[in-house]
Amino acid sequence: MSTTVGALGLAVAAASLGAGQADAASVATWDKVAQCESTGNWSINTNNGYYGGLQISLSNWKYYGGTAYAARPDLATKQQQILIAEKILADQGAGAWTCSPGTGLATDRTNPYPDPTPTPTPTPMTAPSSAAAPVLYNPDTATAEVFAVGADGVLSHSYSTNGGAWTDWSTLDPSFRFSGAPAVVYNPVNKVTEVFATGKDGVISHNYLFNGGQWSGWSTLDPSYKFSGSPTAVYNASTNAIELFGTGTDGVLNHTYNLNAGSWQGWTSLGTWKFARTPTAVYNPDTKTAEVFDIGADGALSHSYSTNGGAWTDWSTLDPSFRFSGAPAVVYNPVNKVTEVFATGKDGVISHNYLFNGGQWSGWSTLDPSYKFSGSPTAVYNASTNAIELFGTGTDGVLNHTYNLNADSWQGWTSLGTYKFAGNPTAVYESATHAAEVFGIGADGLISHAYSANGGTWSNWTTLGTWKFQTT
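Residue numbers (this note's numbering): 17 to 488.
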């Protein structure tokens, strides 16, 4: 690509706007340009200042909005690179590429992606159910523990050790009232379980338990910060920190952390992008990276990450032509070294996008569009079978399940019984019993669970007591 584009080409653009240059070109034409510029390698980075199949400079990538897709052109998909190239073509003309002669770039007028429109106008979204009963597994005590907010706003919990009977529900200080779903995380170094929840006043509070101890009682994390929806938390092994995220009432995602089970840091905003959903986070132990995902008011899913406790990256969008509702689910497969994110589309279809360590995001693909879902999916890594297990509540209220063995093809959706659920499912893997376990809140407010040991048949649903919990 010529130095015209590398310097933003503003002078060239001003001189050529009235010259009748092309402002669109077909994919076939762009393929010809890419073949000359980069031998058709859309992920090339030769450290010459230009990136990707069309050799777009970083300054142009930023100037024409490419960072909405990825940090650099070579990290974006072919379609995303072409979409930015279309803007450069309209602004600067075919002369921006030294390889344009003979490709038809100067005369082609074909829209490369006429249907569907790659970046549709945002439309208002109806907030789906945020009710869920998050579950945590403590490997040091071999205990699975589930938390949920009652219809009265009080947070309660129940637990099972070594696959034994579940305890009766008990409340964690009924003087605190919450909305949405709590977040829960375990720090294996300091042996502490910590639960977070958003109060009816929008303030996030936390409560923690050291192994063998008693619950600390609720305390607020800076009441000057107000949040909507539910928080999310993840343990960062590279820094021995619990990372906590929440979407503010202004739509900005905020973050705080706790090192070595010490004091919590103040809230800080991760950029200025606006989000409308509950965030989701994951930790990759192989790259020592914590990563957070959230869905914007326009339905596009974006992510930001921090490696070795370093600065968080700018937000980048995972293909804005896909629009979602609810909250995403994300999971890491440590055997195949792949991070996978799932989200429910506005049409009710669940799609997924995955990234192998050192690679690029695959792009969104749907998991059987004949199945329609409401709310948010959940996913868990099953170490006994090297499978990612995925769950979602159908529009008929039935909970469905699919899985992926050894990072291979996804199996078809199957229904887990005929129970009807209203909230979002949650799942956990229990290493002591080699069991994957899924929980759901029924339309009647009762929490039920089912499990599968060593990849075997899923059990029937069993209800945990008679207490009623929030379903919306």
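The beta carbon of each residue, even a glycine, is placed where N, CA and C say it ideally should be.
Out of the options, state which residue places its alpha-carbon closest to the alpha-carbon of residue i.
i    : options                   : result
L383 : P393, W377, L152 and Q376 : P393
L371 : T236, T157 and V354       : V354
F261 : P301, V211, K304 and S232 : V211
F192 : V219, N206 and A199       : V219
V351 : W477, A423 and D168       : A423
Y445 : G267, S322, Y85 and L152  : L152
G461 : A160, D168, S75 and D47   : D168
A343 : L225, I258, G278 and G364 : G364
G120 : N398, G82, G410 and V49   : V49
S322 : A469, F338, D314 and P301 : P301
V43  : A86, K94, N76 and Y67     : K94
K484 : W185, K362 and N223       : W185
T296 : V308, T288, L188 and A149 : V308
V250 : S172, G264, S73 and V200  : V200
I404 : L421, L74 and W58         : L421
T157 : A148, L171 and G180       : G180
A213 : A395, S447 and S246       : S246
Q455 : S447, N470 and T478       : One point to set straight first is that residue 455 is Phe, not Gln, in the sequence displayed. Minimum Cα distance to F455 is reached at T478.
E259 : W283, K242, T265 and D238 : W283
S176 : R125, N154 and V170       : N154
Y467 : V396, G428 and W429       : V396
S447 : T482, N402, T430 and T45  : N402
D90  : K103, L99, Q71 and I104   : Q71
D314 : S320, T303, D330 and K290 : K290
N127 : A41, T55 and P190         : A41
T45  : G111, G278, D189 and D124 : D124
S337 : G326, Q51, Y202 and S381  : S381
D266 : T248, A292 and W426       : A292
F194 : A122, L74, D217 and G379  : D217
D73  : R339, R88 and N206        : The question names Asp, yet the displayed sequence has Ser at residue 73. Residue R88 is the option with its Cα nearest to S73.
Quick one: what's residue i bridged to in DSSP?
i    : result
N420 : I404 and W426
F243 : G264
A395 : L406
V208 : N203 and F226
F338 : Paired residues: none, contrary to the question.
N300 : T305
W46  : Paired residues: none, contrary to the question.
Y153 : A160
S235 : H222
S174 : V162
I60  : DSSP, once it has assigned bridges, lists no residue as partnering I60.
T248 : F261
A213 : S221
F194 : G215
A148 : N440
With residue i and residue j assumed to form a contact (beta carbons below 8 Å), what rounded beta-carbon distance in angstroms separates them?
i    : j    : result
S332 : S318 : 6 Å
N252 : A306 : 5 Å
A553 : A438 : The displayed coordinates of the chain run from 17 to 488. Any statement about residue 553 would go beyond what the structure contains.
H558 : S400 : This structure leaves residue 558 out entirely; the chain is present only between 17 and 488.
Y435 : L415 : 7 Å
Q97  : G68  : 5 Å
T255 : L275 : 6 Å
T487 : P441 : With 8 Å as the limit, T487 and P441 do not qualify as a contact, their Cβ atoms being about 13 Å apart.
V346 : V268 : Going by Cβ atoms, the distance from V346 to V268 rounds to 20 Å, so no, they are not a contact pair.
W234 : S221 : 5 Å
G278 : Y241 : Not a contact, Cβ separation roughly 20 Å.
**Prompt:** Quick one: complete alpha helix (DSSP H) runs, 4+ long, within the region 84-131?
**Reply:** 94-108
At 3 residues or longer, what runs of the beta strand (DSSP E) sit wholly inside the region 440-468? 442-446 and 451-457
| message | Any contact between the region 60-68 and the region 108-115? By contact I mean 3 or more CB pairs, one from each, below 8 Å. | response | no
field: Given 8 Å, three or more beta-carbon pairs between the region 149-166 and the region 78-85
entry: no
| Can you give, in chain order, each stretch of the beta strand (DSSP E) that sits fully within the region 317-379 and has at least 3 residues? | 317-323, 340-349, 354-361 and 366-372
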